[in-house]
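Everything in the sequence shown is counted per the working numbering, starting at 358 for the first residue and increasing by one. Below: the structure, in structure tokens.
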Amino acid sequence: MKKIIAEFAIRRAKITRVAVVGGILVGITVLAQYEGTIKSSATALILLTLSFILAAFVGFKLWRCPSCNGYLGKLYLGLDQPKFCPNCGVKLVE
Ligand SMILES: [Zn+2]
């Protein structure tokens, strides 16, 4: 059980990092576009779309139960931490 809780904490930290980096990238893109560093808005749109797809992909791949590999759904979007896997019921948080 300890192993699952530890693995879950690692996955959660990874997703948080990706979200922070993605947020910064999107922020820079929007700012660069606003200041005219990126000339075409199509480039900015492509960059934003790519960041969004990457974030969705990473979230979908990593946001899984370490025990049964079931998708944990939208639990992370709220401030509530999922304490148990909705699929197999394993304890995820100490
Ligand atoms: Zn599970």
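Yeah, the Cβ is synthetic: ideal placement off N, Cα and C, and Gly gets one too. Since this is a predicted model, take the numbers as computed values, not measurements.
Distance from residue 445 to residue 430 at the Cβ level is roughly 13 Å; contact not present, criterion being Cβ atoms closer than 8 Å. Contact annotation, residue 424 with residue 385: C-beta distance approximately 38 Å; criterion of less than 8 Å not satisfied. Shown here for residue 451: same chain residues with a beta carbon closer than 8 Å to its own, the five before and five after excluded, namely 362 in chain order. For the pair residue 383 and residue 405, the CB atoms are nearer than the 8 Å cut-off. Assignment of residue 418 by DSSP, reduced to helix, strand and coil, places it in the helix class.
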